[in-house]
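Numbering (this note's numbering), first residue to last: 1 to 303.
What follows is the structure in C-alpha cells.
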C-alpha cells in the first residue's frame with residue numbers, strides 16, 4: 001500500500017514538473033503574442049494556468065515533508081509518527097488552491113458559450129468583466145474552504161498519516177468534496193450545453209475560422225478532463241462517506257493527486273499545441289490590403 005503511494009507520488013511529480021515547464025512556456029507565448037498584438041487569447045486561460053501554478057508550487061513543501069518524514073521511512077520499515085500540524089499547515093494551501101481550477105474551467109466554458117450565442121455583443125469589456133467575476137469567485141470559495149478546514153483543529157500532536165486526507169477524521173473533508181461535486185456538476189451541465197451547441201454550430205458554419213474551432217475543442221477537452229479526473233473521484237469519495245462512513249480518500253488521496261497531474265499535463269500539452277499552431281494574420285497565403293488616404297495637409301484654409 002505505502003509502496004504504491006510512493007510510486008504514485010513520484011509519477012505525479014514527474015507529470016507536474018513537465019506540466020509546470022509547459023505552462024511557463026505557454027504564459028510566455030501568451031505574453032509575447034499579446035505584446036505584438038498577434039493573439040486574442042482569453043485572459044481566463046491565463047487565470048486557469050495560474051491556478052495550476054499556485055497548486056503545484058504550494059504542493060511541493062507538503063510532498064517534501066511527507067516524503068522525507070513518512071514515505072521513505074515506511075518503505076525502509078522505519079516508520080515514525082509525524083507532526084500532525086506540520087502535515088496540516090503544509091498541505092492546506094495546495095488543497096484549497098486546487099479548488100480554483102474547476103472554477104476557472106467553468107468560466108472558460110461560459111465564455112465560449114457567450115462567444116457563440118452573442119458573437120457581436122460579447123465584446124472586450126464583457127470578457128474582462130467575466131474574468132473579474134472568475135477571480136472573485138475563486139477568492140470567495142478559497143476563503144470559505146480554508147475556514148472549513150480550520151474546523152478540523154485541534155489535531156492530535158502526532159500522526160502516522162502518509163496522506164493529507166488521513167487527518168480529517170471529524171469532517172471527512174466534506175467541504176472540499178462537496179465544493180468539488182458542485183463545481184463538477186455545473187461544469188458538466190455547461191460543458192454538455194457547449195458540446196450540443198457546437199454540433200449545431202458546425203452544421204451552420206462549416207467553414208468557421210481555425211482558431212475559433214481550436215478554442216472550442218480545447219474548452220471541451222479541458223471540461224471532460226475536469227469531469228473525469230476531479231469530479232468522478234470526489235463523487236465516489238462523497239458517496240462512500242455518506243453511505244458507509246468510510247473516508248475513502250485515506251486510500252486514494254495520492255491517486256487523486258496523480259489524476260490531477262495527468263489532467264494538467266494533458267491540458268498544458270493541448271495549449272502548447274494551440275499556441276504554437278496559430279497562424280499569423282500576415283501569412284503568405286493571406287491578402288494584404290493597403291488603404292491610402294489623400295493628403296489634406298496643404299489644403300487647409302488660410303485665415
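Backbone N, C-alpha and C fix where the C-beta goes; we use that ideal spot for every residue, glycine too. In this text, all values refer to a predicted model and were calculated from it rather than measured experimentally.
Separation of residue j from residue i, as counted between CA atoms
{"i": "residue 14", "j": "residue 56", "result": "12 Å"}
{"i": "residue 12", "j": "residue 22", "result": "15 Å"}
{"i": "residue 107", "j": "residue 216", "result": "13 Å"}
{"i": "residue 176", "j": "residue 96", "result": "8 Å"}
{"i": "residue 58", "j": "residue 191", "result": "29 Å"}
{"i": "residue 150", "j": "residue 90", "result": "13 Å"}
{"i": "residue 200", "j": "residue 218", "result": "18 Å"}
{"i": "residue 72", "j": "residue 6", "result": "At residue 72, the pLDDT of 44 sits below 50, so the modelled position is not reliable; the number obtained from the coordinates is stated separately. Answer to the nearest angstrom: the Cα atoms are 8 Å apart."}
{"i": "residue 243", "j": "residue 263", "result": "28 Å"}
{"i": "residue 148", "j": "residue 171", "result": "9 Å"}
{"i": "residue 30", "j": "residue 164", "result": "35 Å"}
{"i": "residue 254", "j": "residue 126", "result": "39 Å"}
{"i": "residue 155", "j": "residue 24", "result": "37 Å"}
{"i": "residue 308", "j": "residue 174", "result": "Missing from the structure shown is residue 308; the chain here goes from 1 to 303 and no further."}
{"i": "residue 129", "j": "residue 118", "result": "15 Å"}
{"i": "residue 54", "j": "residue 273", "result": "23 Å"}
{"i": "residue 169", "j": "residue 28", "result": "43 Å"}
{"i": "residue 269", "j": "residue 157", "result": "42 Å"}
Assumed close pair residue i, residue j - CB separation to whole angstroms, cut-off 8 Å
{"i": "residue 19", "j": "residue 265", "result": "4 Å"}
{"i": "residue 256", "j": "residue 184", "result": "Their Cβ separation, rounded to whole angstroms, is 13 Å, which puts residue 256 and residue 184 out of contact at 8 Å."}
{"i": "residue 33", "j": "residue 271", "result": "So it is not a contact: roughly 12 Å between Cβ atoms."}
{"i": "residue 131", "j": "residue 267", "result": "Rounded, the Cβ-Cβ distance is 18 Å, inconsistent with contact."}
{"i": "residue 259", "j": "residue 233", "result": "6 Å"}
{"i": "residue 153", "j": "residue 161", "result": "That belief does not hold up - the Cβ atoms of residue 153 and residue 161 are roughly 15 Å apart, past 8 Å."}
{"i": "residue 181", "j": "residue 99", "result": "With a Cβ gap of about 12 Å, residue 181 and residue 99 do not count as contacting."}
C-beta atoms of residue i and residue j nearer than 8 Å
{"i": "residue 197", "j": "residue 116", "result": "yes"}
{"i": "residue 16", "j": "residue 261", "result": "yes"}
{"i": "residue 227", "j": "residue 186", "result": "no"}
{"i": "residue 113", "j": "residue 194", "result": "yes"}
{"i": "residue 139", "j": "residue 48", "result": "no"}
{"i": "residue 305", "j": "residue 238", "result": "With the chain covering 1 to 303 only, the question about residue 305 has no answer from this structure."}
{"i": "residue 84", "j": "residue 159", "result": "yes"}
{"i": "residue 103", "j": "residue 137", "result": "yes"}
{"i": "residue 86", "j": "residue 63", "result": "no"}
{"i": "residue 101", "j": "residue 51", "result": "yes"}
Inspect the CB distances between the segment 137-145 and the segment 215-222 and report whether three or more fall short of 8 Å. no
Note down, one range per segment and in chain order, each alpha helix (DSSP H) of at least 4 residues found wholly within the segment 97-177. 100-117 and 124-150
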